[in-house]
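Data first, discussion second: the structure below is written as structure tokens.
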Amino acid sequence: MQLDSSILGWLRCFESAGRLLSFTKAAQALNLTQSAVSQQIRHLEERLGYPLFERHSRGLVMTSKGKALWEVTSKAFLEINQTLGRLGLSHQPLQVSCSPSFALQWLIPRLTIFQRQQPDVPLRVIAEFQSLDRYAMEAGGIDVAIRYDPLEYPNLHAETIMDEHLVAVATPTYLKQHPAFATGVSPDGVVLLHDAAAWDGAPEFVESRVWMEAIHPSWIGHLAGPQYNLSSLAISAAMNHQGVAITRSALVYEELQSGRLVNVFGRHVPAPARYVLIFRQPEDQRIATFSAWLKGECEQFDNMRRQLFLA
Numbered sequence: 001m002q003l004d005s006s007i008l009g010w011l012r013c014f015e016s017a018g019r020l021l022s023f024t025k026a027a028q029a030l031n032l033t034q035s036a037v038s039q040q041i042r043h044l045e046e047r048l049g050y051p052l053f054e055r056h057s058r059g060l061v062m063t064s065k066g067k068a069l070w071e072v073t074s075k076a077f078l079e080i081n082q083t084l085g086r087l088g089l090s091h092q093p094l095q096v097s098c099s100p101s102f103a104l105q106w107l108i109p110r111l112t113i114f115q116r117q118q119p120d121v122p123l124r125v126i127a128e129f130q131s132l133d134r135y136a137m138e139a140g141g142i143d144v145a146i147r148y149d150p151l152e153y154p155n156l157h158a159e160t161i162m163d164e165h166l167v168a169v170a171t172p173t174y175l176k177q178h179p180a181f182a183t184g185v186s187p188d189g190v191v192l193l194h195d196a197a198a199w200d201g202a203p204e205f206v207e208s209r210v211w212m213e214a215i216h217p218s219w220i221g222h223l224a225g226p227q228y229n230l231s232s233l234a235i236s237a238a239m240n241h242q243g244v245a246i247t248r249s250a251l252v253y254e255e256l257q258s259g260r261l262v263n264v265f266g267r268h269v270p271a272p273a274r275y276v277l278i279f280r281q282p283e284d285q286r287i288a289t290f291s292a293w294l295k296g297e298c299e300q301f302d303n304m305r306r307q308l309f310l311a
């Protein structure tokens with residue numbers, strides 16, 4: 001039997017009816033009447049010479065031949081839709097939503113590498129840290145998101161790309177002015193700089209508390225200090241000799257490596273969150289390309305950070 005325009009239309013109705021096991025629901029999905037769907041499937045059965053469905057009062061049941069045809073038809077339509085989507089998106093910028101401090105301190109400096117390797121995948125980076133679900137990503141046109149949080153993402157594809165560690169950092173100048181803190185004797189007189197919103201909905205002082213309980217639990221009553229809604233602001237304050245920032249190691253790696261900031265006690269603590277890559281359409285080749293590059297960069301950075309911790 002040769003494919004023609006009539007048969008393709010019949011197969012579209014058949015695929016929808018087989019997926020939903022209802023002529024009525026198939027009609028709604030295709031913006032047709034129930035009788036039109038029923039008629040087109042009957043035409044297809046007549047052309048094939050065998051039934052595709054068993055009609056019962058409780059609904060439809062596919063015959064063995066119907067199941068075999070539906071599996072092939074469903075896969076074919078899915079692949080066609082995915083290919084059309086990829087072709088339509090290939091020249092559109094990949095919308096990347098990223099936690100602001102991670103974007104500023106870590107991602108942006110590395111994007112030169114991605115743009116050199118993948119000149120045909122333009123990016124649009126949006127700095128934001130609100131929680132996401134599938135509806136928010138679709139409404140905002142977000143293709144892929146990078147978040148730092150401990151949350152789960154049902155109905156989305158989410159992959160942990162990197163763990164995080166907390167460190168207390170200050171300039172050498174500030175530590176010279178506060179030798180009792182630098183030697184672990186007392187926190188008196190030291191200004192602690194905090195990220196007030198480690199992630200959307202995070203408890204107050206969550207990272208500072210985790211670090212303090214692990215390194216100096218007796219100092220837990222000394223958490224008071226300036227709060228900033230971005231980690232990068234607390235880091236900037238520390239860089240300007242205003243205090244000690246308890247922050248994420250990925251955000252201060254360059255500063256620690258150069259000596260502009262010092263890991264006060266030479267210790268790091270596992271963070272209460274991780275970096276996660278979130279996306280809606282795994283079949284989008286742009287997302288696959290960006291994801292593979294990002295995972296490679298995270299792995300390389302993790303090895304470099306491990307060496308810094310051991311130094």
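Using full-length UniProt numbering, you'd call the opening residue of the sequence shown number 1 and step up by one each time.
From the three backbone atoms N, C-alpha and C, an ideal C-beta is built for every residue, glycine too.
Handout entry: Nearest residue (CA-CA) to LEU52, options GLY59, GLN39, GLN40, LYS67
Key = It is LYS67.
Handout entry: Where the alpha helix (DSSP H) through VAL206 begins and ends
Key = 206-215
Problem - Selection from PHE290, GLN307, ARG305 that minimises the alpha carbon distance to THR112 - result: PHE290
Practice task
Using the Cα positions of LEU78 and GLY140, report the straight-line distance between them to the nearest angstrom.
Solution key: 24 Å
Exercise for the section: Using 10 angstroms around the beta-carbon of ARG55, count the other beta-carbons present and answer buried if the total reaches 16, otherwise exposed. Expected result: exposed
Practice task
May I ask you to report which of helix, strand or coil DSSP gives PHE265?
Solution key: coil
Problem - SER97 in three-state terms, based on DSSP - result: strand
Problem - Beta-ladder partner(s) of GLN227, from DSSP - result: HIS194
Handout entry: Buried or exposed by the 16-neighbour rule on C-beta atoms within 10 Å, applied to ASP195
Key = A residue is called buried once 16 or more other Cβ atoms fall within 10 Å of its Cβ, and ASP195 is buried on that count.
Handout entry: With 16 other Cβ atoms within 10 Å as the buried cut-off, status of GLY221
Key = exposed
Problem - Where LEU21 sits in the DSSP three-state scheme - result: coil
Problem - beta strand (DSSP E) runs contained entirely in the stretch 40-78, provided each spans 3 or more residues - result: Positions of the beta strand (DSSP E) runs, each at least 3 residues long and wholly inside the stretch 40-78, are given as 53-56, 59-62 in order along the chain.
Handout entry: Between the CA atoms of GLU297 and LEU123 - distance to the nearest angstrom
Key = 17 Å
Practice task
Verify whether the separation of the beta carbon atoms of ILE215 and VAL269 is less than 9 Å.
Solution key: Contact flag set, yes.
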